Amino acid sequence: MFGIPGKAPVTITPRAVAQIARLMTKDGAYGLRLGVKKGGCAGMEYTMEFAAEPGPMDEVVEQDGARVMIAPMAQMFLFGTEIDYQTSLLESGFRFNNPNVAEACGCGESIKFKDVAAGSGA
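The sequence shown begins at 404 in my numbering and counts up one residue at a time.
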């Protein structure tokens, strides 16, 4: 994982913890796997799916009964992200406060990540 030793790669707000734990119980899942894929008007989209077990290279984050697994190809894009769950009159859903995002489309479903400088020594 692209991270800092002793620091969780993502943080989960109490509202998101409650919703993830509720979904895990309802569907009998081990947890939710987060990823990213090409698509949408800005170029990339977040993915979420139930998982029966972690993949061999998944980064697992556990917090107060909620378990999130970060797919290997998404780890560098999601590092530092805060996962929240918001409810309004018209919609409810997970929100990703991601410091790695350069642009997002108007609907918030599609994102573009900041370019990584060539030869940064990382």
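In this text, a Cβ means the ideal position worked out from N, Cα and C, and glycines have one as well.
Note that the structure is a prediction, hence the values are computed from the model and not measured.
For Gly446, DSSP assigns no beta-bridge partner whatsoever. Beta-bridge analysis with DSSP links Ser495 to Thr490. Cβ atoms of Gly438 and Met479 stay farther apart than 8 Å, at about 12 Å. For Ala469, the enclosing beta strand (DSSP E) has its first and last residue at Ala469 to Ile473.
In the three-state reduction of the DSSP assignment, Lys440 falls in the strand class, which pools E and B. Following the DSSP letters along the chain, one finds Thr428 in no beta strand (DSSP E) but inside the alpha helix (DSSP H) bounded by residues Pro417 to Asp430.
Glu462 is a Cβ neighbour of Pro412, given a cutoff of 8 Å.
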